[in-house]
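Visitor:
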Ligand code: NOJ
Ligand code: CA
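Residue numbers (our numbering): 356 to 934.
#1: Would DSSP call residue 936 helix, strand or coil?
#2: Below 8 Å CB to CB, which residues in the same chain sit around residue 497 once its five sequence neighbours on both sides are set aside?
#3: How many angstroms separate the CA atom of residue 682 from the CA atom of residue 642?
#4: Please name the residue, chosen from 430, 434, 407 and 435, that lies closest to residue 422 on a Cα-to-Cα basis.
#5: Near ligand 2, which residues have their beta-carbon less than 5 Å from any of its heavy atoms, given in chain order?
#6: Under 7 Å, do residue 426 and residue 476 count as touching if we go by C-beta distance?
#7: Is the segment 504-520 touching the segment 560-572, taking contact as three or more C-beta pairs under 8 Å?
#8: At a threshold of 6 Å, does residue 713 count as lining ligand 1 (C-beta to nearest heavy atom)?
#9: Flag this pair as yes or no: are the beta carbons of residue 933 and residue 891 separated by less than 7 Å?
#10: Under 7 Å between the Cβ atoms of residue 904 and residue 842?
#11: Flag this pair as yes or no: are the beta carbons of residue 690 and residue 652 separated by less than 7 Å?
#12: Enumerate in chain order the residues of its own chain whose CB-to-CB distance from residue 379 is below 8 Å, with the five nearest sequence positions on each side excluded.
#13: Can we count residue 498 as close to ligand 1, meaning its CB is less than 6 Å from some heavy atom?
#14: Classify residue 891 as helix, strand or coil using the three-state DSSP reduction.
#15: If you draw a straight line from the C-alpha of residue 818 to the C-alpha of residue 825, how long is it?
#16: Say yes only if the C-beta of residue 828 is nearer than 6 Å to one or more non-hydrogen atoms of ligand 1, and no if none qualify.
#17: Residues in its own chain within less than 6 Å of residue 784 by CB, not counting five upstream and five downstream?
#18: Output the distance between the C-alpha atoms of residue 757 and residue 880, rounded to the nearest integer angstrom.
#19: Quick one: is the Cβ of residue 696 within less than 6 Å of any heavy atom of ligand 1?
#20: Taking Cβ to Cβ, would you say residue 424 is nearer than 7 Å to residue 411?
#21: State the Cα-Cα distance for the pair residue 914 and residue 886, rounded to the nearest angstrom.
#22: Got a sec, what are the start and stop residues for the beta strand (DSSP E) residue 489 sits in?
#23: Is residue 839 near ligand 1, with its Cβ less than 6 Å from a heavy atom?
#24: May I have the straight-line CA-CA distance separating residue 377 from residue 384, to the nearest angstrom?
#25: Is residue 455 near ligand 1, in the sense that its beta carbon is under 6 Å from a heavy atom of that ligand?
#26: Determine contact between the segment 699-712 and the segment 720-734, defined as no fewer than three beta-carbon pairs at a distance below 8 Å.
#27: Find out if the Cβ-Cβ distance for the pair residue 854, residue 867 is shorter than 7 Å.
#28: Nearest-angstrom Cα distance between residue 781 and residue 901?
#29: Are the beta-carbon atoms of residue 621 and residue 598 separated by less than 7 Å?
#30: Who pairs with residue 880 in a beta bridge, going by DSSP?
#31: Determine the extent of the alpha helix (DSSP H) in which residue 670 is found, giving its start and end residues.
#32: Whole-angstrom Cβ separation of residue 607 and residue 531, contact assumed at under 8 Å?
#33: Closer than 6 Å: is that where the CB of residue 460 sits relative to any heavy atom of ligand 1?
#34: Report the option in 671, 551 and 684 whose CA atom is closest to the CA atom of residue 604.
#35: In terms of alpha-carbon separation, which member of 694, 797 and 926 lies closest to residue 397?
#36: Leaving out five residues on either side along the sequence, give the residues of the same chain with a beta carbon under 7 Å from the beta carbon of residue 600.
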């Protein structure tokens, strides 16, 4: 064969390469999608622990918990499996709403410690690999905040327009109160200012005017300040009210929302810290959830699932899971980069406002029958353990918390099943000091009179319910929750994967299957006080085996991919499919 000159051969090769890429004969690379980096989003999995420093651990004996006390307990939190601490407000405050009435956004309440104590806490948390997020409470300030003091003093003060005023009493002055029965109005006349000011919450919490660019600038400054001090993100307080367009003529029952405020906050916080998150407190209807997350995930990364929460309590109260399943389905479609935050109880009343009267009555009857246990015509002001009573039901509820689609959030004291003190006002009933041991004041403080009384009577008294006792008891709730947290870490399919509710053939049995890159989880919960048999179609091949992750016992999938099992009263099981 005649040899071709070398230059000609090289020329042909180049031409061929050029041609193949120009004509597209090779396949175009796939377009990247968010699923390609889902595993890098830290808030998809993990455990969040909400702490109120004031009532957690007092180290200087003044009766008030402090940052040094929290720092001392980091090892405890790490052992529990906590990956993120959410700090309740810790800034200077007249404390009329447990710190949600802030009088200086840029410092630490001196009762809780010094600035160095805070930095030390942040440093040590980071050493333990624990992130810290904090409340961002910028819907309102305290009426003692210097901005409001100046605003009410002088009409020509630059701070006047930082708040929302009306010359005449607005017609809707008593519409849209967040605390009905306690709060009388949302517009209150201020003698000093000679005008009415708007407050969605208590009258000592005047709303900031989010239509004022100077206020938005200040909010950005606050977020930047705390991000620079090491904060990993924010639990954004009262989001629907933060973004409502409030003025003298608006209807608080039908506000217009400015979602671009959240978009901007998201962008801004990520400019300063690339993996910073916003966790929104917004009790919204599923029809609105897309706006809150943003169509492409550009708003809140995380939202508390208040909607499903109410139906979960209805299911726990009645053993009827139909509405709860529907609520899960209704909250399923979220952007791939977003995530729900699930909780059982938080520091407020449990809000059952979206249930029908009959449904709410059913929950009241089972969990808060006495009117002293109910609050704001919509909820229950009790801790979880006394609400559910039955140890098996409490365990079921926590298994669900870790098993449901979303990020689990618990509040201090829940892990030991603390009780409530109904003699305290409103929501303070669920905010009593942490019970560490059987020592004086439950080991919280050596002070003669702690900031709030420690529960010392009844079945939930600190001599009975405390960390030390539960650490020594392998069957304690504390050890069970630690186990769930560990299990959840092993099962990242929950945070990353796709899920589906499977028919079980048994009305009170809920089965959820998660799939992530060939891995499968099957989590089954029995909401009834009776033993139940169930059958699910797993979509697995007949030769796959299941292993119960709690007991390490095997299960065999039938030839057609079906699985039949039994659960005791309030029983649950976490199956993983093995290869
Ligand atoms: C929501 C908080 O959860 C609640 O405790 C507080 O009273 C209001 N926002 C007002 O900040
Ligand atoms: Ca102290």
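Backbone N, C-alpha and C fix where the C-beta goes; we use that ideal spot for every residue, glycine too.
Guide: With the structure as the only source:
#1: With the chain covering 356 to 934 only, the question about residue 936 has no answer from this structure.
#2: 448, 449, 451, 456, 457, 458, 503, 559 and 560
#3: 12 Å
#4: 407
#5: 413, 415, 417, 419 and 421
#6: yes
#7: yes
#8: no
#9: no
#10: yes
#11: yes
#12: For residue 379, the predicted structure reports a pLDDT of 46, less than 50, and the residue's modelled location is therefore unreliable. A value from the coordinates is still provided. Excluding sequence neighbours, residue 379 sits near nothing in its chain.
#13: no
#14: strand
#15: 11 Å
#16: no
#17: 736, 775, 776 and 777
#18: 12 Å
#19: no
#20: yes
#21: 26 Å
#22: 486-491
#23: no
#24: Confidence in residue 377 is poor, its pLDDT being 44 and thus under 50, which makes the residue's placement unreliable; the coordinate value appears in the next sentence. Each residue's alpha carbon lies about 14 Å from the other.
#25: yes
#26: yes
#27: yes
#28: 47 Å
#29: no
#30: 865 and 927
#31: 661-673
#32: 3 Å
#33: no
#34: 551
#35: 694
#36: 566, 610, 611 and 613
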